[in-house]
Amino acid sequence: MTGMTIEAVRYLAEAAENGNAFGVTGILDKHGNVIGIVLAVFGLIMLYFSFKARDLGGFVVEMMNHETVIKENNFEIATAKIGETRSVEIGDKTFKEVQLLFELDGETYEKWTPDLGFADWVNIEYNPDDPSDFYITDKVEGEQAADVDEDGEEVKDDSKPANIAFIAMLVFSLVLLGLGCGFLYDFYFVR
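All residue numbers for the sequence shown refer to our numbering, where the first residue is 12 and numbers rise by one.
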């Protein structure tokens, strides 16, 4: 531990005598200008792309395929009647459910499902091998209700989300540009 401390003190003393670190480190003595130019160029390129990202408004990199895969399940199309309605309390929340009644070959099958606001009949698909296995295929109509404040007026969100890609790229480009300019200044002017 003390050997590393002595080496660091000696290195800093030699750098202070020379006025810069290039005479001490070796590779930076001969090629510090190249490293400075490369860092400055990459900083400028990153700065350009950061403003392109700002103009895009951000971006998302999709790493997985999200296409809908349709599997053939051999379910049949039918209609079901909406029967009774009941409320279920879970904790301090109350949930409404409706009874779906599906009739096939004189036999009635039922299933309780959340109340989605459908009227008397809904379209379903059922498994011909097990008719008690069915589900609703109708889409819920209507829009989601807008948020309202205590005065009953609609609340609009006018704020734009922060463009994190722009901010990160801008900071990284400024760091690269600063390092490159620092290397060039140290190589040409301090030496």
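C-beta: ideal position from N, C-alpha, C; glycine also.
Residue i and residue j closer than 8 Å at C-beta
i: Met57; j: Phe177; result: no
i: Ala89; j: Tyr137; result: yes
i: Leu111; j: Thr119; result: no
i: Asp141; j: Lys92; result: no
i: Ala200; j: Gly47; result: Just to set this straight, residue 200 is Phe in the shown sequence, not Ala. Contact flag unset, no.
i: Leu9; j: Ala51; result: Past the edges of the chain, shown from 12 to 202, lies residue 9, and the structure says nothing about it.
Straight-line Cα distance separating residue j from residue i
i: Thr105; j: Arg97; result: 10 Å
i: Lys127; j: Glu165; result: It is Leu, not Lys, that sits at residue 127 in the sequence shown. Straight-line Cα distance between these residues: approximately 24 Å.
i: Phe86; j: Pro139; result: 6 Å
i: Gly54; j: Asp66; result: 19 Å
i: Val109; j: Glu121; result: 10 Å
i: Asn44; j: Gly191; result: 9 Å
i: Ser204; j: Asn174; result: Any answer about residue 204 is impossible in this case: the structure gives the chain only from 12 up to 202.
i: Asn134; j: Glu100; result: 28 Å
i: Phe113; j: Gly102; result: 31 Å
i: Ala64; j: Ala179; result: 10 Å
i: Phe129; j: Gly94; result: 11 Å
i: Asp144; j: Lys107; result: 21 Å
i: Arg21; j: Val186; result: 29 Å
i: Glu18; j: Tyr59; result: 41 Å
i: Asp116; j: Glu78; result: 37 Å
i: Thr16; j: Val49; result: 32 Å
i: Asn84; j: Thr148; result: 14 Å
i: His42; j: Tyr196; result: 13 Å
Boundaries of the alpha helix (DSSP H) in which residue i is found, first to last residue
i: Ala130; result: Here Ala130 belongs to no alpha helix (DSSP H), and DSSP marks it neither H nor E.
i: Gly191; result: 175-196
Residue i - partner residues in DSSP beta bridges
i: Lys92; result: Leu112, Trp132
i: Val99; result: Phe106
i: Lys122; result: Leu111
i: Glu87; result: Tyr137
Residue i, enclosing beta strand (DSSP E) - first and last residue
i: Phe145; result: 145-147
Residue i at chain C interface by Cβ criterion, 8 Å
i: Leu185; result: Annotation note: the requested chain C is absent from the structure, which comprises a single protein chain.
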